[in-house]
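Engineer:
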Amino acid sequence: MSSPDERSDNVPNELESKTEGGVSRRNFLKGTSVALTIPLVAKSEKIVKAAGADVKILGPDKIDITLSINGNNKTAKVEPRVTLLDALRNDLDITGAKRVCDRATCGACTVIMDGKAVYSCTVLALEAQGKKIQTVEGLEQNGKLHPVQQAFVDNDAQQCGFCTPGFVMACKAMIDKYPNPTPEQVQMNLGGNLCRCGTYAGIKAAVAQAAQQSKGGKRNG
Amino acid sequence: MAEYKWPEEGKRSLIGKRISRVDGPLKVSGKAKYTFDINRPGMLFGKILRSPYAHAKITSINIDAAKSMPGVKAVKIIQDVGTEIQWAGDEIVFVAAVDEPTAEDAIRAIKVQYEKLPHFVNEQNLDKVPATNRRPPTEQTKGTPDAAFKEAEVVIEGVYGNDVITHCCLESHGLVAEWEDDQHLLVHQSTQSVSSNGGDFARGLSIPAGNVRIKMEHIGGGFGSKFPVDRWGLEAAKVSKMVDGKPVKLMLERDAELMVAGSRPSAYAKVKVGATKDGRLIAWESESWGSGGPAGTGMPPYPYVWQIPNSKTQHHSIATNVGPQRAWRAPNHPQACLVTMGALEDLAAKIGMDPLEFFIKNIELTGARANVYKDELLKAAELIEWKKLWRPRGEGAVGSTKTVKRGLGLSIHTWGGGPHASDCDVTIHPDGAVEVKLGTQDLGTGTRTAIGIVAAETLGLPFEGVKVLIGDNRFPPSGSSGGSTTIGGVSSSTRRASTDALNELLAKVAPTMNTTPDKLEAVGGKIQVIGDASKSMTWQQACAKLGTQPITARGKQPGKETLASAGVGGAQMADVSVDLETGVVKMNRFVAVQDCGLVIDLKTAESQVYGAMIMGICSALYEEKIMDAQTGRMLNPNMEFYKLAGLADIGEFKVHMMTGKGYDERGPIGLGEPPTVSPGAAISNAVANAIGVRVPTIPLTPDRVLAALEKKGGANAKI
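In order, the protein sequence lines correspond to chains A and B.
Residue numbering for the first sequence is 2 to 222, as defined by this note's numbering.
Residue numbering for the second sequence is 35 to 753, as defined by this note's numbering.
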């Protein structure tokens, strides 16, 4: 029963003007093969004519992809239908982002892509190429927890912890954008994440602590 | 010499303080590895083909196409031709393949034919339940209910109900199974039963119990649904054997998780309850029914908490073609609580009494914990400002507008939560390091943290001075985590093991300090003469006296002296607003007052209560396993239509733990279940108080609120 948030701004060309007041789209991008016109290098790519233009066809066989994750380039061989989430978890063994609903409802898979929180279960891995992807594993600096992470620990904003990486990433993206979020901004920006153990009271307290510590941080939103 | 008994309040350095959970940093950084995160070399991915029908006989299965697909390593029929399937989603064929997409394709390539049989999935209306789906009713009578109802000056009749909900663990059920050789199985499993599941796997696979290793560092929710190894667990192990022992990972898909991996049974009841006109509760009668799937379900404890002197109950267990029930936090209590507290609040409204006054007036009927309940009700009333804000039913509490009515509701609950059996090994190394080992599991309740607190407190060390190792069946066995039995069990065994280990250490160092062990204590990282800090040595210096041989002591629960007990009470009060035009219920505030004996970690204890209240809001307002009568399938096996509360839906909370004299001396008592019991009742009562009519069944969705408003004047209204 949560509010939709800005998460589904993960799709290229989604209007920047879509703000927190609006209802955002759910995008279901899983398919067995995908046609894209963005430049990609892949062995199995074919070119066909469609509507008078050359269109590259990828798949259904595996293709080589390169993803920029936490500042490092990682390569994998995946079918075009594989999501960013599954590529991270199954092919790259980066398992912080969790698979729970697998259809853009619960936020457990949240990562930050080019500065925005996205549901990685609803982004295709090949589509995430060329973008800066940050996962929960990339937040610690020199062995020190990010202030958002520390705030989650201090305020016991976690129980089983399975939703926690998604919440931490959604919270981090929010604080980057709104260093002092209003209660409405918190509800909107974290409204796309669900917890089953019931840690929302702790999460609200964690947001307050993290916002306090980020004061003076520069606004990039 | 150190003693087993818990230290007095003034002598506790860690117990009862606010300590952050020890695995918090791992969980916030993605380093905590759950079963779902386990990737093993050469691992195959398992998927299961499930029955689309709620009741059907399998007439043919063709797996040839799937078997011949590249990347498919094993296809195994779980239920063969001729089997009668009893619920949609039941397992038919297991596939293992090199990656998930291939496994999914293979599932699609399997052809199964069924002979459809009649199904029944909607038990809400007792009159419409076919005779074949009813078990013979059970009846119980206490006192003289018929005479008591004649004596009663005020009687209400109403219907109250709880729909089926599911556990919806965020980490679905599953495991990674692999054979280390043809006799030894290694299983990473998401389970509430680390110590006992090895034996269950072994029985199912006909190998010695000691040959199965179970490991689980972290678990993404269980709530009572993750005790067994499950048929799919055994099948994963069998399929692994078919592929030369390669690891096979099977994690249920979200739809399967909601369809087949557990649910809380429904509970409906027609209730008649009577009192004298001055509010003395004297008679109860209920005809109840409910279902937890093909095996039906037993009667919740009606009437709940209140030992009404005269009562008559009749219960119908209903069989449905729905995935079977599993234990769900405080089995049967939330349902019984809603039915009972709802009927009592309706009765108080008809008498014209404030329900708080009505509860207090009858408080002796709650039995041995009457004083606890009374104290808790008064504390909760103070925290929610009951006297100031509450108004009689239908008037709207203070702050109501013409179209948005505010209401207050209350409820009380109980639970046992006594200690389970638990063994614990505490090892003190010559370098001062301390390891605590138990084959228990931390469901997110803070078990790992609590064990560390008890061990460190006992040894006079800082919290960081002990290392807690759990989640492995090679550690000393500890009970399954269910029924709120874990904290009593593990804290008792840890306390005894730590005490015994310390006493061995004291015996070693006493001669070097020219004293006897009975004159020594461990405090603040030192071993010192009791009451004389000048005669001391550091923990490290003391441990160095061990030479090369560490000390290991085994502590057991049960054991000498009683360190934990059972039986708690709690009170909750909800403050809601109901929009009369839309039927939407909004949580304003929610107060819980809870006792759990001796609190080990106040921070995680409060988190348990917060979490229980939020989970309670989910089931009171949003959650429902919706079954389609036509197809027999669950209509919402996903998380967009199986609704959970989000951060914006919960309102403000106040949690008060009853501690100190009268509570602490009972030792730790489990807290996972009790606070989950009352929310549905408290919220339902608050809604009735706000809008002047009972919405009979939870979840209190807008359509039901509007229907109840429309029917005002009907069976439950204007009372």
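Note that the Cβ used here is the ideal one computed from N, Cα and C, for glycine as well.
Small disclaimer: the values here were computed from a predicted structure and weren't measured.
Per DSSP, which one or two residues make a beta bridge with Cys458(B)?
Structural biologist: Per DSSP, Gly589(B).
Engineer: Taking Cβ positions, are Ile487(B) and Ile634(B) nearer each other than 8 Å?
Structural biologist: Yes, Cβ-Cβ distance for Ile487(B) and Ile634(B) is below 8 Å.
Engineer: The beta strand (DSSP E) that contains Ser515(B), what's its start and end?
Structural biologist: No beta strand (DSSP E) contains Ser515(B), which DSSP labels as neither H nor E.
Engineer: Quick one, which of Ala186(B), Asp114(B), Ala490(B) and Gly604(B) has its alpha-carbon nearest Lys384(B)'s?
Structural biologist: For Lys384(B), the nearest C-alpha among the options comes from Ala186(B).
Engineer: Measure the Cβ-Cβ separation of Gly645(B) and Gln160(A) and say whether it is below 8 Å.
Structural biologist: It is a contact, given that the beta carbons lie within the stated cut-off.
Engineer: Nearest-angstrom Cα distance between Gly199(A) and Leu59(A)?
Structural biologist: Each residue's Cα considered, the two are about 42 Å apart.
Engineer: For chain A, is any of its Cβ atoms less than 8 Å away from the one on Phe235(B)?
Structural biologist: Cβ-Cβ to chain A under 8 Å: no for Phe235(B).
Engineer: So is Thr225(B) buried or exposed if we call it buried at 16+ other beta carbons inside 10 Å?
Structural biologist: With 16 or more Cβ atoms within 10 Å of its Cβ, Thr225(B) is classed as buried.
Engineer: Closest by CA to Asp71(B), which one among Ile64(A), Glu80(A), Ala88(A) and Lys50(A)?
Structural biologist: Minimum Cα distance to Asp71(B) is reached at Ala88(A).
Engineer: Assign Gln142(A) to one of two classes, buried (16 or more other C-beta atoms within 10 Å of its C-beta) or exposed (fewer than that).
Structural biologist: When all chains shown are included, Gln142(A) counts as exposed.
Engineer: From what residue to what residue does the alpha helix (DSSP H) around Asn622(B) run?
Structural biologist: Segment Val619 to Asp629 is the beta strand (DSSP E) holding Asn622(B); no alpha helix (DSSP H) there.
Engineer: Residues of the stretch 55-68 of chain B in Cβ contact with chain A at a cutoff of 9 Å, in chain order, please.
Structural biologist: Under the 9 Å Cβ criterion, the stretch 55-68 of chain B contributes Arg55, Asp57, Gly58, Pro59, Leu60, Lys61, Val62, Ser63, Gly64, Lys65, Ala66, Lys67 and Tyr68.
Engineer: On the DSSP bridge assignment, give the partners of Tyr148(B) in chain order.
Structural biologist: Answer is Ile92(B).
Engineer: By the criterion of Cβ-Cβ separation under 8 Å, what are the contact partners of Lys205(A) in chain B?
Structural biologist: Ordered by position in chain B, the residues that pass the 8 Å Cβ test against Lys205(A) are Leu681.
Engineer: Give a yes or no on whether the minimum CB-CB distance between Ser641(B) and chain A is below 8 Å.
Structural biologist: Judged by the 8 Å Cβ criterion, Ser641(B) is in contact with chain A.
Engineer: So, does the CB of Phe497(B) fall closer than 8 Å to a CB anywhere in chain A?
Structural biologist: Chain A contact via Cβ: absent.
Engineer: Going by C-alpha to C-alpha distance, which of Ala295(B), Glu321(B) and Ala99(B) sits closest to Trp362(B)?
Structural biologist: For Trp362(B), the nearest C-alpha among the options comes from Ala295(B).
Engineer: Does the distance from the C-beta atom of Asn622(B) to that of Val610(B) stay below 8 Å?
Structural biologist: Result yes, Cβ atoms of Asn622(B) and Val610(B) sit closer than 8 Å.
Engineer: Which ranges would you report for the beta strand (DSSP E) in the stretch 244-294 of chain B if only whole runs of at least 3 residues count?
Structural biologist: For the stretch 244-294 of chain B, whole beta strand (DSSP E) runs of length 3 or above, ordered along the chain, are 246-249 and 282-285.
Engineer: Would Pro148(A) pass as an interface residue toward chain B - the criterion being a Cβ-Cβ separation below 8 Å?
Structural biologist: No, Pro148(A) does not count as interfacial toward chain B.
Engineer: Would you report the Cα separation of Ala243(B) and Leu209(B), rounded to the nearest angstrom?
Structural biologist: One C-alpha to the other measures close to 18 Å.
Engineer: Opposite Asn344(B) in the DSSP bridges: which residues?
Structural biologist: Per DSSP, Ala317(B).
Engineer: What does a CB cutoff of less than 6 Å around Asp737(B) pick up in its chain, not counting 5 residues either side in sequence?
Structural biologist: Correct list: empty, nothing qualifies.
Engineer: Am I right that Thr374(B) and Pro337(B) are in contact with their C-beta atoms under 8 Å? What's the rounded C-beta distance?
Structural biologist: Confirmed, Cβ separation roughly 5 Å.
Engineer: Keeping to the same chain, check which residues put their C-beta closer than 8 Å to that of Thr117(B); ignore five residues upstream and five downstream.
Structural biologist: Counting only Cβ-Cβ distances below 8 Å, and skipping sequence neighbours, we find Lys91 and Ile92.
Engineer: One question on the structure: do Leu597(B) and Gly701(B) come within less than 8 Å of each other, judged by their Cβ atoms?
Structural biologist: Yes.
Engineer: With 8 Å as the limit, tell me which residues of the stretch 119-139 of chain B have their beta carbon closer than that to any beta carbon of chain A; keep them in chain order.
Structural biologist: Listed by position along the chain: Asp133, Glu134 and Pro135.
Engineer: Between the Cα of Val307(B) and those of Asp289(B), Leu378(B) and Ala364(B), spot the shortest distance and give me the residue it belongs to.
Structural biologist: The shortest C-alpha separation from Val307(B) is found at Leu378(B).
Engineer: Please decide whether Thr200(A) counts as near chain B, where near means a Cβ-Cβ distance under 8 Å.
Structural biologist: Yes, Thr200(A) lies at the interface with chain B (some Cβ there is under 8 Å from its Cβ).
Engineer: I'd like to know if Cys754(B) contacts chain A, where contact means its C-beta is closer than 8 Å to some C-beta of that chain.
Structural biologist: Since the displayed chain B opens at 35 and closes at 753, residue 754(B) lies outside it and no answer follows.
Engineer: Got a sec: is the Cβ-Cβ distance from Lys178(A) to anything in chain B below 8 Å?
Structural biologist: Not one chain B Cβ lies under 8 Å of Lys178(A).
Engineer: Inspect the beta-carbon positions of Leu606(B) and Val618(B) and report whether they are closer than 8 Å.
Structural biologist: Residue identity differs from the one stated: residue 606(B) is Gln in this sequence, not Leu. No.
Engineer: Kindly list, in the order they appear in chain B, the residues whose Cβ is closer than 7 Å to that of Cys164(A).
Structural biologist: Per Cβ cutoff of 7 Å: Leu204.
Engineer: Could you run through the stretch 655-686 of chain B and flag, in chain order, every residue whose CB is less than 8 Å away from some CB of chain A?
Structural biologist: Correct list: Leu655, Tyr656, Asn672, Met673, Glu674, Lys677, Leu678, Ala679, Gly680, Leu681, Ala682, Asp683 and Ile684.
Engineer: When the distance is taken between beta carbons, is Leu83(B) closer than 8 Å to Ile126(B)?
Structural biologist: Closer than 8 Å, so yes.
Engineer: When DSSP builds the beta bridges, which residues end up paired with Asp65(A)?
Structural biologist: Lys78(A).
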